[in-house]
Structure formats: structure tokens, C-alpha cells
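A.B. asks:
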Amino acid sequence: MEDFLDGFVEILEDTERSALTPETAFKDLDEWDSMTALMLIAMFDEKYDKKITGNDIKQANTLNDLFEIASK
Amino acid sequence: MGFLKVNNVKISGIVSAVPENIVKNRELDLFANEQEAEKFISVTGIAEKRHVSPDQCTSDLCYSAAEELITKLNWNKEDIEVLVMVTQTPDYVVPNTSIILQDRLGLPKSCVCFDVPLGCSGYVYGLSIISQFLQNGGFKKGLLLVGDTLSKQCSTLDKSTYPLFGDAGCATALEYHEGSEMLYNLWSDGSGYSSIIVPDGGYRNPLTEKSLVREADAEGNTRSKINTYMNGTEVFSFGISEVPKEIKKFVAHFDLDMSKIDFTFFHQANKFMNEMIRKKVGLTKEQVPYSLDRFGNTSSATVPVTIATLGDSIKNTEVLMCGFGVGLSIGILKTTIEEDFVNILLEV
Chain X
351 MEDFLDGFVE
361 ILEDTERSAL
371 TPETAFKDLD
381 EWDSMTALML
391 IAMFDEKYDK
401 KITGNDIKQA
411 NTLNDLFEIA
421 SK
Chain V
358 MGFLKVNNVK
368 ISGIVSAVPE
378 NIVKNRELDL
388 FANEQEAEKF
398 ISVTGIAEKR
408 HVSPDQCTSD
418 LCYSAAEELI
428 TKLNWNKEDI
438 EVLVMVTQTP
448 DYVVPNTSII
458 LQDRLGLPKS
468 CVCFDVPLGC
478 SGYVYGLSII
488 SQFLQNGGFK
498 KGLLLVGDTL
508 SKQCSTLDKS
518 TYPLFGDAGC
528 ATALEYHEGS
538 EMLYNLWSDG
548 SGYSSIIVPD
558 GGYRNPLTEK
568 SLVREADAEG
578 NTRSKINTYM
588 NGTEVFSFGI
598 SEVPKEIKKF
608 VAHFDLDMSK
618 IDFTFFHQAN
628 KFMNEMIRKK
638 VGLTKEQVPY
648 SLDRFGNTSS
658 ATVPVTIATL
668 GDSIKNTEVL
678 MCGFGVGLSI
688 GILKTTIEED
698 FVNILLEV
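In order, the protein sequence lines correspond to chains X and V. Per the numbering used here, residue 351 is the first one in the first sequence, and the count goes up by one each step. Per the numbering used here, residue 358 is the first one in the second sequence, and the count goes up by one each step.
#1: Based on the DSSP output, what are the partners of R580/V in its beta bridges?
#2: Answer with yes or no whether the minimum CB distance from I361/X to chain V is below 8 Å.
#3: Measure from the C-beta of M393/X to each C-beta in chain V and report whether the shortest distance is under 8 Å.
#4: Drop a sphere of 10 angstroms on the beta-carbon of A389/V, count the other beta-carbons inside from all chains shown, and report buried for 16 or more, exposed for fewer.
#5: Kindly identify the DSSP beta-bridge partner or partners of K498/V.
#6: Could you pull the start and end residues of the beta strand (DSSP E) that S686/V belongs to?
#7: Does any C-beta atom of chain V lie closer than 8 Å to the C-beta of K422/X?
#8: Just grab the DSSP bridge partners of M678/V for me.
#9: Taking the alpha helix (DSSP H) that V555/V belongs to, which residues open and close that run?
#10: Candidates S517/V, S416/V, I694/V: which alpha carbon is nearest L667/V's?
#11: Closer than 8 Å is the cut-off here; do at least three beta carbon pairs connect the segment 552–568 of chain V with the segment 646–656 of chain V?
#12: Per DSSP, what are the beta-bridge partners of D505/V in this structure?
#13: Might you give, ordered along the chain, the residues of its own chain that have their beta carbon closer than 6 Å to the beta carbon of V400/V, omitting 5 neighbours on each side?
#14: Using only the alpha-carbon positions, how far apart do A392/X and W382/X sit?
#15: Can you give, in chain order, each stretch of the alpha helix (DSSP H) that sits fully within the segment 363–449 of chain V and has at least 4 residues?
#16: E435/V: which of D524/V, L703/V, T529/V, G463/V sits nearest, CA to CA?
#17: Per DSSP, L702/V is paired with what?
#18: Taking D395/X as part of the alpha helix (DSSP H), name the residues at either end of that continuous run.
#19: Keeping to the same chain, check which residues put their C-beta closer than 6 Å to that of V372/V; ignore five residues upstream and five downstream.
#20: Excluding the 5 residues preceding and the 5 following I597/V in the sequence, name in chain order all residues of the same chain whose CB lies nearer than 7 Å to its CB.
#21: Taking the straight line between their C-alpha atoms, what separation do you get for E438/V and V363/V?
#22: On the CB-based measure, 16 or more other CB atoms within 10 Å of its CB, does P411/V come out buried or exposed?
#23: For the structure I just gave you, are there three or more beta carbon pairs, one from the segment 638–645 of chain V and one from the segment 571–590 of chain V, closer than 8 Å?
#24: Hey, does V481/V have any beta-carbon neighbour from chain X nearer than 8 Å?
#25: What is the DSSP secondary structure of D339/X, counted as helix, strand or coil?
#26: Could you tell me the distance, in whole angstroms, from the CA atom of I361/X to the CA atom of V469/V?
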């Protein structure tokens, strides 16, 4: 999980790593937008070799929800 | 996948016409603030694009491009035996724009004319159609017109489309030429048809007054049912997974050596996505030119517009072209550009 959060903070610009926990509702982050969503899809593809869809992102609320998709 | 090998046809020249009017994404009110605009530009790579005037159509851009190309190649119009127009923004719903252009360009009535309503992948499909008309030498010369004026189809209040798309119209000359070779891989996946769609105005959802009402979606983008809708995340996910796979299959099928490809022209969708595709197929930055920073995503015209920005450096090169998007659809081509190739970027 920590590794996942380290990866996630890299796609962000203004958010500190310390602000991220498994319970963070990522879509509530100030800088979350459609561009960040693209970078998240890219991160799944590159780091986890997983295809994540727009619908997966829509249904996920917390970073832990995303982590579970990555760990499947 | 559909692999095709077409012999004895070459591409003789391209003229790409873009409107003079430059629209800068930094100056759009659409973005909440400067930071949002900068982030959009840094991810997509699209800083500016060209828009037509209200009375200018895709066919007008293609007409200017075709006239210039025929002149520069010193072709006799009587010799053009096939004209295909690839567009999703025709002059009319009915009849086909290519037929109107046959008369406007002064081409013979014996010229075979029809439209192909494909988008981002359409350039390669158009080439595949015309090259097959020419391969047996029955027909000697063909003209492919491609382009769109998506500035008219996108909602000005939709961040997921409006800042991305630009307008362009291109003319490409093909001719029977012994020894030349065009290799294709054509691919379709209709399960993704709703990822990029204009929902109303066809016969599944006929145009009603309600079609014209602009409504905001969950992301705050406002559009009507006759505007282009694009699910950016779905298209992105398709682009980074299917496109590299199909290129790799193509390379393996025809036993190509990617290091011998001088240039690969990708559909200009989004810099971040294109760069991921480039890295996955093992191409260097020098092999992959971009034009989206200046012209945005011009649908079926992105490949010829990018080629046109290279001028004479395209001569005597081995090239790969790859269009992908709406459909969903992918078209890949490998061919050789000869010494006498005409390559012009035209402002109209």
C-alpha cells in the first residue's frame, strides 16, 4: 500500500505525500481532474501492468479502493 | 487484425490546408484558471489550433488543398479516376461531399467518387481504399481528401473536446507506380462505439428539439446531443493498450525492422498518450514528429498535417502511419516516400 501511495503522489503536483492515506478520497483532492485520471490510468499500465477503466475510477472512492484494483 | 499488402502504388504528394485563424488554449475562458490551462497544455501538448470561419467547410479546405496539389504535381485533371473523401463533417447529410467536389474541382464524370465517414483512423483507411483501386493499373491516379471541422461539432463549453480539436483539410495524391509497396493493418472494435459519439441526428436517435439543449455532465462540461461526446479515459485506455499491440503484430507479420523506419506519424491525439505508445513500441523521439502543439487534433487530417510540417525532410524515407480513435478503429500503414514527393502546408 505504501508503495502504491508513493506512486500516486508522483502523479500529483501540489499534494504532499504525508497528506495521503489509504482512506483519502482521491477525487476530493483539489488538483484531481480529468488529466490526473489519465495519469492514473498510465500509472496502472506502467507500474502494475493493469488496465483500469474510467468506470473503475468512477466507482472507486478511496485510494485503498484503487490499491485493491492494482493488487487483484 | 486485417493485414493487407498492396503493390505498385505510391503516395506522390500531400497538401494540407489549415485555416488562418489561430485559437490559443491559454486564452480560452473555458479553463477555471491559468494553472488549469497550463496543466491541460502540458498533458495534451496542445497549445493552439486552427478554426474555420462560420461559412468555411471541410470541403473548402480540401478544395484548396486539392487545387494546389494538382497544380504542383502538374497533373491533368482528366487523369484522376478516383476521389475519396474521408470526413465526419460533410457539407450535407445527403449527398456525398466527394461528388460535389468532383464538379467543383472540374474532375471528369467518369471519376469514381464516394465519402467514407471515418475519423482519427480514416487517413489510413482512405489510402487503403484508393491504393486497392490503383494496384492493378486499371486506374492510374487517385485523390484522397481527408479532414474535419470539429470546431463546429464540439461544444464551446466542453473541456473534454473543445480545446483538443482543430480544423484541417488535406489532399493526397496516389498513383500507379511499379515497385512501390503499401503495407496495412486495419482493426475495428465496435464495442467501444459510444466512447466518441455524436448521439443525436442519425436515425437511431433522430434530431428533436431536445437534441439541441445543452446540459452539464458530472464533470461540469456542457454539451448538447448534437455535439461530440468523448469519454477521454476510455479512449486513453484503448490508445495505450490496443495501439501498441496492433503495431507490434504488424511489425511481426511483415517482418519489419523498426530501426529502419525514419518517421512514424501517429494520430495527434494527446502528447501524454502518444508518448506512452511511442515508448511501448520502442521508437525514438527523433522518429516521431508532432504537430499537435500547433494544430491540435484534426481528426483524419492529423497524419497528413504532421507530414506537411516536415517539408522536404520527408523525401526518400521509410514511413509508418498510425491513426486510431473513433469507432473504435485503428489503421496502420508502412510505405516509402520518394524523392519527387510534393509536401506543402497551406494556410487558407
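The C-beta atom is built at its ideal place from N, Cα and C for all residues, glycine as well. None of these values were measured; they are calculated from a predicted model.
C.D. replies: Based on what the coordinates show:
#1: Translated into the one-based positions of the second sequence, residue 580/V becomes position 223. For R580/V, which the question treats as bridged, DSSP gives the partners E572/V.
#2: Indexing the first sequence from 1 puts residue 361/X at position 11. Not closer than 8 Å to any Cβ of chain V, the Cβ of I361/X fails to qualify, so no.
#3: Working through the first sequence from its first residue, we reach residue 393/X at position 43. By this cut-off, M393/X is not an interface position.
#4: As a position in the second sequence, residue 389/V is number 32, starting the count at 1. A389/V comes out exposed.
#5: One-based indexing of the second sequence puts residue 498/V at position 141. According to DSSP, which records beta bridges pairwise, K498/V is partnered with I437/V, E532/V.
#6: Working through the second sequence from its first residue, we reach residue 686/V at position 329. Taken as a continuous stretch (DSSP letters only), the beta strand (DSSP E) holding S686/V covers 686–694.
#7: In the first sequence, counting from the first residue as 1, residue 422/X sits at position 72. Closer than 8 Å: no.
#8: On the second sequence, position 321 is the one that residue 678/V refers to. F622/V, L690/V, per the DSSP bridge assignment.
#9: Translated into positions along the second sequence, residue 555/V becomes position 198. V555/V -> no alpha helix (DSSP H), and no H or E assigned at all.
#10: Residue mapping note: residue 667/V aligns to position 310 of the second sequence, counting from 1. Checked all of S517/V, S416/V, I694/V; the closest Cα to L667/V is I694/V.
#11: no
#12: In the second sequence, the residue the question calls residue 505/V occupies position 148. Paired residue(s): A525/V.
#13: For this step, residue 400/V is matched to residue 43 along the second sequence. So the list reads F629, once near-sequence residues are dropped.
#14: Position 42 of the first sequence holds residue 392/X. Position 32 of the first sequence holds residue 382/X. Going from the Cα of A392/X to the Cα of W382/X covers about 15 Å.
#15: 391–401, 415–430
#16: Looking up residue 435/V in the second sequence gives position 78. Measuring from the Cα of E435/V, the nearest candidate turns out to be G463/V.
#17: As a working mapping, residue 702/V is identified with position 345 in the second sequence. Answer is S373/V.
#18: Within the first sequence, the letter at position 45 stands for residue 395/X. D395/X -> alpha helix (DSSP H) spans 384–398.
#19: Reading the second sequence from its first residue, position 15 is the one you call residue 372/V. Here the set comprises A422, E425, L426, A528, I701, L703.
#20: Here residue 597/V refers to the residue found at position 240 when the second sequence is read from its first residue. M630, M633, I634.
#21: Your numbering for residue 438/V matches position 81 in the second sequence. Your numbering for residue 363/V matches position 6 in the second sequence. Spanning the two alpha carbons is a distance of roughly 18 Å.
#22: Translated into the one-based positions of the second sequence, residue 411/V becomes position 54. Classification for P411/V: exposed.
#23: no
#24: In the second sequence, residue 481/V corresponds to position 124, counting from 1. For V481/V, the answer is no, since every Cβ of chain X falls outside 8 Å of its Cβ.
#25: In the structure as shown, chain X starts at 351 and stops at 422, and residue 339/X therefore has no counterpart that could be examined.
#26: As a position in the first sequence, residue 361/X is number 11, starting the count at 1. As a position in the second sequence, residue 469/V is number 112, starting the count at 1. Between I361/X and V469/V, the C-alpha separation is close to 51 Å.
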